[in-house]
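In the numbering used here, the protein residues as written are 106 to 260.
Yeah, the Cβ is synthetic: ideal placement off N, Cα and C, and Gly gets one too.
The model shown is predicted, which means the values in this text are computed figures rather than measured ones.
Please read the structure below before turning to the comments.
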């Protein structure tokens with residue numbers, strides 16, 4: 106089961122609907138047009154359309170599976186005093202004294218440019234369930250980071 110914010114759930118549902126209602130019919134038309142051109146063994150357009158169709162079907166199946174097992178997070182039920190999903194966490198790297206702020210999200214919503222890290226990332230895992238003032242160790246590929254949690258707020 107995967108927990109998603111309402112915005113992420115709606116975004117995935119909109120992408121799925123667009124693929125099914127708009128993009129897939131275009132690929133079916135391209136496939137029909139290529140098939141009508143005759144010899145399929147040497148028809149590059151047909152092979153390209155088949156590959157596009159397979160890729161599209163794979164993406165549709167993936168998104169359907171994500172939505173099937175997804176649950177929208179009830180933010181009112183989340184704890185306010187400890188790090189949880191959708192918490193905005195300000196912490197200090199104790200080795201460099203650099204402050205950072207990230208929102209903890211599901212892997213589907215992760216976007217470093219927007220300041221969103223996955224709860225399954227080394228830093229996200231280390232922060233989950235902790236409170237303001239706690240010092241945690243995150244075992245990242247670059248080495249072990251010692252982080253002090255300075256503040257927690259909801260997304």
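Compare the Cα-Cα distances from residue i to each of the options and report the closest residue.
i	options	result
residue 188	169, 228, 151 and 121	228
residue 180	153, 253 and 108	108
residue 185	126, 236, 129 and 245	236
residue 244	234, 238, 259 and 226	226
residue 283	162, 140, 150 and 138	Since the first and last residues shown for the chain are 106 and 260, residue 283 lies out of range.
residue 194	207, 140 and 151	207
residue 252	217, 246 and 202	202
residue 178	156, 160 and 211	211
residue 183	205, 158 and 234	234
residue 197	139, 160, 250 and 156	250
residue 129	217, 248 and 156	156
Hey, would you say residue i sits closer than 9 Å to residue j, going by beta carbons?
i	j	result
residue 191	residue 110	yes
residue 121	residue 199	no
residue 254	residue 240	yes
residue 135	residue 119	no
residue 106	residue 175	yes
residue 113	residue 230	no
residue 142	residue 150	yes
Does DSSP put residue i in a helix, in a strand, or in coil?
i	result
residue 258	strand
residue 243	strand
residue 248	strand
residue 226	coil
residue 209	strand
residue 263	Coverage of the chain is limited to positions 106 through 260, which leaves residue 263 absent and any answer about it impossible.
residue 235	coil
residue 200	coil
residue 171	helix
residue 181	helix
residue 214	coil
residue 189	coil
Three or more C-beta pairs closer than 8 Å, one from the stretch 221-238 and one from the stretch 159-179: is that the case here?
-> no
Please list the segments of the alpha helix (DSSP H) lying wholly inside the stretch 124-160, counting only runs of 4 or more residues, in order along the chain.
-> 129-140
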